[in-house]
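Everything in the sequence shown is counted per the numbering used here, starting at 9 for the first residue and increasing by one.
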Amino acid sequence: MHQPARNQQSIYAPRPCRLLSVTELTPNEKLFRLQLCDKTELQHQPGQFVQISIPGLTEAPISVASSPTRKGYFELGIRKAGQLTSALHRLQAGAQIGIRGPFGRPFQLDALDGKALLLIAGGCGLAPLRSLIQYCQDRSDEFASVQIFYGARSPEDLMFQQDLSDWQSSHNFSCRYTVDNKPATSCFDGETGLITNLMNDIQVEAENCCAVIVGPPPMYHPVIASLRQLGLNKPKQIMLSLERQMRCGVGKCGHCSIEHLTCCCDGPIFWLEEVEHLRGAL
Ligand SMILES: Cc1cc2nc3c(=O)[nH]c(=O)nc-3n(C[C@H](O)[C@H](O)[C@H](O)COP(=O)(O)OP(=O)(O)OC[C@H]3O[C@@H](n4cnc5c(N)ncnc54)[C@H](O)[C@@H]3O)c2cc1C
9 MHQPARNQQS IYAPRPCRLL SVTELTPNEK LFRLQLCDKT ELQHQPGQFV QISIPGLTEA
69 PISVASSPTR KGYFELGIRK AGQLTSALHR LQAGAQIGIR GPFGRPFQLD ALDGKALLLI
129 AGGCGLAPLR SLIQYCQDRS DEFASVQIFY GARSPEDLMF QQDLSDWQSS HNFSCRYTVD
189 NKPATSCFDG ETGLITNLMN DIQVEAENCC AVIVGPPPMY HPVIASLRQL GLNKPKQIML
249 SLERQMRCGV GKCGHCSIEH LTCCCDGPIF WLEEVEHLRG AL
């Protein structure tokens, strides 16, 4: 017989949440700070996602962008893409929305313990990675070092700009970011070029290193090639997130399958060696 998860809470029933604040990150992305209406913690792990809904509209999977070590709220960084996310972008503090979850396989924190971390994000991928980055900030003694690399299309697409400068000055951390192109009129004086340009001069002991990649599909092959060149060639050294269009979020509908795996349940976080041989995975 079907057993509802989480203390009789149905996996299909949205839980009401209150919107505490909305902050503009870029012209297309906003950060939503939320709290469950019953004031309990979401109890997610970095890398997990929720299915977010507005009554009368559809649902969409959105990664949690804050760490469970930050209590009393959780945050979602949402790009305006279609009907639901546009409606979310029109909401203001005080509004109520629904969430299901948290769902999915998180980043494998045990495997990162004591390691030198290379955390690599492209575009909107910084949202899920931020949950792990904040976790590392709050538990910095558990990691040898944390190097963050982030690439965006243009200066105005750089998300979490305040966080980027905070991370540069965090204990044990370094943070570098680049934009593909900058308009001639832009006063942006940071680096330009692809994210792999930032990775040419990485100093790491490959033996004790673990990399995490979250970004758009075209980023994966070149970034993985750069990591291989650095010497990250053993199993369980490269973790990545595979996002596919999803429906149920709980492994029932098969909408997000890649061969025998479902991205919503077996992922979205995978070890590279679990998926690199699967057709259409990377
Ligand atoms: C595990 C997971 C985590 C995600 N986390 C985030 C997040 O943190 N922030 C965020 O802004 N978005 C995230 N997304 C993407 C988000 O779920 C989609 O953009 C969603 O469909 C938007 O809903 P909508 O109704 O506004 O737009 P829709 O009308 O559903 O779609 C708008 C456009 O986006 C395309 N699309 C839908 N889903 C995806 C997808 N997974 N990959 C690529 N294109 C897609 C559609 O084909 C369509 O062209 C995540 C997706 C997954 C699977």
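We treat Cβ as the ideally placed atom computed from N, Cα and C, and that holds for glycine.
Here DSSP, grouped into helix, strand and coil, assigns valine 220 to strand. The count of Cβ pairs closer than 8 Å, one atom from the stretch 122 to 134 and one from the stretch 214 to 224, reaches three, so the stretches are in contact. For methionine 227, the uninterrupted alpha helix (DSSP H) segment begins and ends at 225 to 238. Of all alpha-carbon atoms in Pro136, Gly239, Lys88, Ala119, the one lying nearest the alpha-carbon of proline 54 is that of Pro136. Per DSSP, the beta bridge partners of methionine 247 are Val220, Trp279. Shortest Cα-Cα distance from phenylalanine 57 to any of His97, Gln169, Ser75 involves Ser75. Not one heavy atom of ligand 1 lies closer than 8 Å to the C-beta of serine 148. Taking 3 residues as the shortest admissible run, the stretch 120 to 176 contains the following complete beta strand (DSSP E) segments, listed from N- to C-terminal end: 124 to 130, 153 to 160. Remark: the C-beta of lysine 242 is outside contact range of ligand 1, defined as less than 8 Å to any heavy atom. DSSP lists no beta-bridge partner residue for lysine 242.
Residue environment: histidine 229 is assigned as exposed (fewer than 16 neighbouring CB atoms within 10 Å of its CB, all protein chains considered).
The beta-bridge partner set that DSSP reports for cysteine 195 is empty.
By the neighbour-count definition (other C-beta atoms within 10 Å, threshold 16), aspartate 171 is a buried residue. For isoleucine 60, the uninterrupted beta strand (DSSP E) run begins and ends at 57 to 61, by DSSP. Checking the 8 Å criterion, the Cβ of arginine 252 is within range of a heavy atom belonging to ligand 1. Here threonine 34 carries a coil assignment [DSSP, helix/strand/coil]. Contact between glycine 106 and arginine 23 holds: CB atoms are separated by about 7 Å, below the 8 Å threshold.
For glutamine 91, the uninterrupted alpha helix (DSSP H) run begins and ends at 91 to 97, by DSSP. In this structure, threonine 31 has its beta carbon at no less than 8 Å from each heavy atom of ligand 1. The residue from Arg184, Gln51, Lys190 with its alpha-carbon nearest to that of methionine 207 is Arg184. By the beta-carbon neighbour count (other beta carbons within 10 angstroms, threshold 16), glutamine 155 is buried. If you compare the alpha carbons of Glu213, Glu164, Pro224, Asp174 with that of cysteine 195, the shortest gap goes to Glu164. One thing to note: leucine 39 has its Cβ no nearer than 9 Å to the Cβ of proline 110. Less than 9 Å divides the Cβ of glutamate 150 from the Cβ of aspartate 121. If you draw a straight line from the Cα of valine 212 to the Cα of arginine 287, it comes to about 32 Å. In the DSSP annotation of this structure, leucine 50 is not part of any alpha helix (DSSP H), being labelled neither H nor E. With respect to the 9 Å criterion, glycine 198 and leucine 134 are not classified as neighbours on the basis of their beta carbons.
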